[in-house]
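Throughout the sequence shown, residue numbering follows the UniProt record's numbering, covering 1 to 118 in sequence. Ideal placement from N, C-alpha and C gives every residue a C-beta, glycine not left out. For clarity, every value in this text was computed on a predicted model and none was experimentally measured. The structure appears below as structure tokens.
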Amino acid sequence: MEYKKENIILNISLAFALGIIDYSEQLKEQKHYEIASQLIRSGTSIGANIWEAQSSESRKDFGHKLKIADKEAKEVEYWLLLCKSSEHIKNYDKELDEKLLSIQRLLSRIISTNKSRG
């Protein structure tokens with residue numbers, strides 16, 4: 001599923017959110033409801049904030065929304081680390097790590113570029 005071909009961060013964050021939804025369903029099947037809920041909230045929030053940034057009122061507002069997305073990505077990183085490290089959670093999806101890292105790298109570059117343009 002793609003929104004806009006020219007906006008890579010939107011496409012990757014949307015694909016990531018869909019992957020998080022799928023993985024959260026697996027967690028629910030294993031009765032890890034709280035972790036699934038936290039992952040859904042933070043994992044889908046990344047893309048929502050990136051999406052919202054596309055309609056920002058200023059360069060500062062744009063940067064702020066992307067910084068929120070970056071913080072959400074850090075939260076997801078924590079929840080995924082818990083899933084990866086827990087002996088109670090089975091079938092960890094390593095692709096989520098790769099997608100999250102791509103998002104974090106892109107966000108870092110965009111935030112840095114936006115900041116340097118002042």
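Around the beta carbon of Lys84, a 10 Å sphere encloses fewer than 16 other beta carbons of the protein chains shown; the residue is thus reported as exposed. Separation of the CB atoms of Leu66 and Ala53 is rounded to 5 Å, and the pair is thereby assigned contact status at 8 Å. Contact between Asn114 and Phe62 holds: their C-beta atoms lie close to 6 Å from each other, under 8 Å. Residues Ile12, Ala15, Phe16, Gly19 of the same chain have their beta carbon placed closer than 7 Å to that of Lys99, with the five preceding and five following residues left out of the count.
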